[in-house]
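2 protein chains.
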Amino acid sequence: MDKVIECIPNFSEGRDKEVIEKIIQTLRCRDNIKLLDYSSDEDHNRTVVTFIGTPEAMVGAITDFAEKIYENIDMREHSGGHPRMGALDVVPFVPVKGVEIEECIEIAKSVGAILGEKFNIPVYLYEDAATSLTRQNLASIRKGQYEGFFEKIKQTEWKPDFGPEEVNLKGGCAAVGVRFPLVAFNVNLGTNDINVANNIAKVVRHIGGGLRFVKAMGVSLEERNIVQISMNLVNYEKTAIYRAFEMVRMEARRYGVHVVGSEVVGLVPMDALINTAEYYLQIEDFSKEQILERRIWE
Amino acid sequence: MDKVIECIPNFSEGRDKEVIEKIIQTLRCRDNIKLLDYSSDEDHNRTVVTFIGTPEAMVGAITDFAEKIYENIDMREHSGGHPRMGALDVVPFVPVKGVEIEECIEIAKSVGAILGEKFNIPVYLYEDAATSLTRQNLASIRKGQYEGFFEKIKQTEWKPDFGPEEVNLKGGCAAVGVRFPLVAFNVNLGTNDINVANNIAKVVRHIGGGLRFVKAMGVSLEERNIVQISMNLVNYEKTAIYRAFEMVRMEARRYGVHVVGSEVVGLVPMDALINTAEYYLQIEDFSKEQILERRIWE
Numbered sequence: 001m002d003k004v005i006e007c008i009p010n011f012s013e014g015r016d017k018e019v020i021e022k023i024i025q026t027l028r029c030r031d032n033i034k035l036l037d038y039s040s041d042e043d044h045n046r047t048v049v050t051f052i053g054t055p056e057a058m059v060g061a062i063t064d065f066a067e068k069i070y071e072n073i074d075m076r077e078h079s080g081g082h083p084r085m086g087a088l089d090v091v092p093f094v095p096v097k098g099v100e101i102e103e104c105i106e107i108a109k110s111v112g113a114i115l116g117e118k119f120n121i122p123v124y125l126y127e128d129a130a131t132s133l134t135r136q137n138l139a140s141i142r143k144g145q146y147e148g149f150f151e152k153i154k155q156t157e158w159k160p161d162f163g164p165e166e167v168n169l170k171g172g173c174a175a176v177g178v179r180f181p182l183v184a185f186n187v188n189l190g191t192n193d194i195n196v197a198n199n200i201a202k203v204v205r206h207i208g209g210g211l212r213f214v215k216a217m218g219v220s221l222e223e224r225n226i227v228q229i230s231m232n233l234v235n236y237e238k239t240a241i242y243r244a245f246e247m248v249r250m251e252a253r254r255y256g257v258h259v260v261g262s263e264v265v266g267l268v269p270m271d272a273l274i275n276t277a278e279y280y281l282q283i284e285d286f287s288k289e290q291i292l293e294r295r296i297w298e
Numbered sequence: 001m002d003k004v005i006e007c008i009p010n011f012s013e014g015r016d017k018e019v020i021e022k023i024i025q026t027l028r029c030r031d032n033i034k035l036l037d038y039s040s041d042e043d044h045n046r047t048v049v050t051f052i053g054t055p056e057a058m059v060g061a062i063t064d065f066a067e068k069i070y071e072n073i074d075m076r077e078h079s080g081g082h083p084r085m086g087a088l089d090v091v092p093f094v095p096v097k098g099v100e101i102e103e104c105i106e107i108a109k110s111v112g113a114i115l116g117e118k119f120n121i122p123v124y125l126y127e128d129a130a131t132s133l134t135r136q137n138l139a140s141i142r143k144g145q146y147e148g149f150f151e152k153i154k155q156t157e158w159k160p161d162f163g164p165e166e167v168n169l170k171g172g173c174a175a176v177g178v179r180f181p182l183v184a185f186n187v188n189l190g191t192n193d194i195n196v197a198n199n200i201a202k203v204v205r206h207i208g209g210g211l212r213f214v215k216a217m218g219v220s221l222e223e224r225n226i227v228q229i230s231m232n233l234v235n236y237e238k239t240a241i242y243r244a245f246e247m248v249r250m251e252a253r254r255y256g257v258h259v260v261g262s263e264v265v266g267l268v269p270m271d272a273l274i275n276t277a278e279y280y281l282q283i284e285d286f287s288k289e290q291i292l293e294r295r296i297w298e
């Protein structure tokens, strides 16, 4: 595949294995689509799916996937711990290889139009695909959830980007967006003082005056008796992993606290770690073409 | 390709483009073989080729490649700046993916047998394929070169591993070996004092009491007015890049000299750089499965 987009749709069923399998099945054995992972959470009553594919294959895959979701999930009967506004709750597209953000936005719009017209679902475009500033943040769109949308959708500012101007009783609403690959990166500190973690998180993150593409919060790791700065790096190219790491370390010095470790949660783009190695080794003029595996795989 | 071996054969023609192309052509459009690179040096009168392939495809590819070499190159007429003992001078195999050293050694022996029996060439196995300690080092085997081998081959300790016990007049001899992927890594220092570079190189490298898998020498970069520690890391898994880097930095402190940069020359396995990022970020429990590209490509 010369061009690769990643898609991480979330749907509102995390308990009924039979239904989950029926839905997942639509992503198997498709040309130019590769299912990477899916995991269901019973408390959240929600399933997160990760698959990749070519731009051309994306719309067809999501259409079949959505069809099985709308056949099998009824939002009137849904409850779960995770905020949600619809049966197919969110559909984020992430450019992974040889694809620009713009191409992903076109695909998000095509998918939005299909969900709206074919399945009669109100659709909101979010993040890089958003049609207004208030719709960039997924949490703002989803606020009020399925139950609250019957009123929210009547407000002019919450007129959907695609589909009907009333909630689909069975399917709810959907958010379709485009975002950069996210790196979930946590730094562990040699203290059990949650105030230290909270204070550091506050100054490292964007809203606190910190790094532009960092979201951060303090977390207690009870069983290890330490605290952690839990971060989402939402643009690892512009705010590199090592920069977030070194800033946490620098701020921790104020409290005489050391970094005792870190963790990368889930998938991470190779370039994010290669860039870190380049920084610490002070490598001049490195080209990604020098990576042996890239030459083998591409 | 589930299993991948890299092969970097060197042959003794670097000037006649027509001959070079005839030889390279044997590696093109083969099933399960991918030509990555080749470069000819006119002064050395020598061409270095890099290709990868499955274990099954290797022996056939090298056989056809060798046939064109022995047809077109006559060592009696060869001269050049680089040490050489034959038309097909060296054939190193490197395990790259899903292959153990042992499997590469079997392939090296098969290739050695074919060069010996089909082409009537004396063959020496070297490095990890060597049949004695004195044959591990390629430089020791090649010492005396083509011209010197007419006498050298008569010594009991230089009886070939395969093929006749006399030099093939036209084709010379050949060395076939197995080695780990090599990382060429240079560290630049903020001084123009070559003595500093030489002293650091001496203590960092294996023979001087330094790191087990490091070869190093001091080099002047005249045009930049600085010096460099030029290193070959012959086993990046056991002697990591960051360890060699930090040791150079630590030794440089004795002279009040700083590291001003570094460079990776040629191809480098992804793991060597990921491992470096893991060290500096203090990442706990990282799995290579978390690399997004690995999931896409494999």
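So the sequences go chain by chain: W and X.
Residue 95 in my numbering sits at position 95 of the first sequence, with consecutive numbering throughout.
Residue 50 in my numbering sits at position 50 of the second sequence, with consecutive numbering throughout.
Where a beta carbon is used, it is the ideal one built from N, C-alpha and C, also for glycine.
Query                                                                                                                                                                                                  : Result
Could you list which residues in chain X have their beta carbon closer than 8 angstroms to that of residue 285 of chain W, in chain order?                                                             : 263
What residues are listed by DSSP as bridge partners for residue 50 of chain W?                                                                                                                         : W:37
Count the other CB atoms, across all protein chains shown, that sit within 10 Å of the CB of residue 68 of chain X; report buried if there are 16 or more and exposed otherwise.                       : buried
Do you know whose CA, among W:83, W:80, W:88, lies nearest residue 72 of chain W's CA?                                                                                                                 : W:88
By the 10 Å Cβ neighbour count, where 16 or more other Cβ atoms means buried, how is residue 161 of chain X classified, buried or exposed?                                                             : buried
Using the rule of at least 16 other Cβ atoms within 10 Å of the residue's Cβ for burial, across every protein chain shown, is residue 7 of chain X buried or exposed?                                  : buried
What does residue 276 of chain X touch in chain W if you count any residue whose Cβ is under 7 angstroms from its own?                                                                                 : 277, 280, 281
Using a C-beta cutoff of 8 angstroms, does residue 293 of chain W count as contacting chain X?                                                                                                         : yes
Taking the alpha helix (DSSP H) that residue 281 of chain X belongs to, which residues open and close that run?                                                                                        : 270-281
Pop quiz: residue 107 of chain X and residue 93 of chain X are said to be a contact at Cβ under 8 angstroms. What is the actual Cβ separation, rounded to whole angstroms?                             : 6 angstroms
Quick check: the stretch 162-175 of chain X against the stretch 122-142 of chain X, are there 3 or more CB pairs under 8 angstroms?                                                                    : yes
Applying the criterion that 16 or more other CB atoms from any shown protein chain within 10 Å of the CB defines a buried residue, is residue 84 of chain X buried or exposed?                         : buried
Using a 10 Å radius around the Cβ and a threshold of 16 neighbouring Cβ atoms, would you call residue 81 of chain X buried or exposed?                                                                 : exposed
Note down, one range per segment and in chain order, each alpha helix (DSSP H) of at least 4 residues found wholly within the stretch 113-175 of chain X.                                              : 138-142, 145-152
Output needed for residue 260 of chain W: all residues of its chain with C-beta closer than 7 angstroms, excluding positions within five of it in sequence on either side, in chain order.             : 188, 189, 190, 226
Could you check whether residue 252 of chain X and residue 200 of chain X sit closer than 8 angstroms to each other, using their CB atoms as the reference points?                                     : yes
For residue 36 of chain X, which of X:143, X:51, X:75, X:266 has the nearest alpha-carbon?                                                                                                             : X:51
At the 8 angstroms Cβ level, is residue 255 of chain W part of the contact set with chain X, yes or no?                                                                                                : no
Give me, in chain order, the residues of the same chain whose beta-carbon lies closer than 6 angstroms to that of residue 268 of chain X; leave out the 5 immediate sequence neighbours on both sides. : 183
Using the beta-carbon of each residue, which ones in chain W are nearer than 7 angstroms to residue 268 of chain X?                                                                                    : 290, 291, 292
Leaving out the 5 sequence neighbours to the left and right, which residues in its chain are closer than 7 angstroms to residue 257 of chain X when beta-carbon positions are compared?                : 189, 190, 191, 196
Taking the C-alpha atoms as reference points, what is the distance between residue 230 of chain W and residue 175 of chain X?                                                                          : 54 angstroms
Under a CB-based cut-off of 8 angstroms, is residue 65 of chain X close to chain W?                                                                                                                    : no
For chain W, find out if any of its Cβ atoms is closer than 8 angstroms to the Cβ of residue 200 of chain X; answer yes or no.                                                                         : no
Measure the Cβ-Cβ separation of residue 100 of chain X and residue 177 of chain X and say whether it is below 8 angstroms.                                                                             : no
Decide yes or no for the touch test of the stretch 227-246 of chain W against the stretch 207-216 of chain W: beta carbon pairs closer than 8 angstroms, at least 3 of them.                           : yes
Is the Cβ-Cβ distance between residue 12 of chain W and residue 86 of chain W less than 8 angstroms?                                                                                                   : yes
Less than 8 angstroms between CB atoms is the rule here; does residue 181 of chain X satisfy it with respect to chain W?                                                                               : yes
Given a threshold of 16 other Cβ atoms within 10 Å of its Cβ, counted over all protein chains shown, does residue 293 of chain X qualify as buried or as exposed?                                      : buried
Buried or exposed: residue 75 of chain W, going by 16 or more other Cβ atoms within 10 Å of its Cβ?                                                                                                    : buried
Taking only three categories from DSSP, how would you classify residue 201 of chain X?                                                                                                                 : helix
Would a C-beta distance cut-off of 8 angstroms place residue 247 of chain W and residue 204 of chain W closer than the cut-off?                                                                        : yes
What are the start and end residues of the alpha helix (DSSP H) that includes residue 252 of chain W?                                                                                                  : 241-252
Taking a Cβ distance cut-off of 9 angstroms, strictly less, list which residues of the stretch 229-246 of chain W are near chain X, in chain order.                                                    : 241, 242, 245
Residues of chain W with CB under 7 angstroms from residue 52 of chain X, in chain order?                                                                                                              : 296
Let me know the secondary structure DSSP gives residue 92 of chain X once reduced to three states.                                                                                                     : strand
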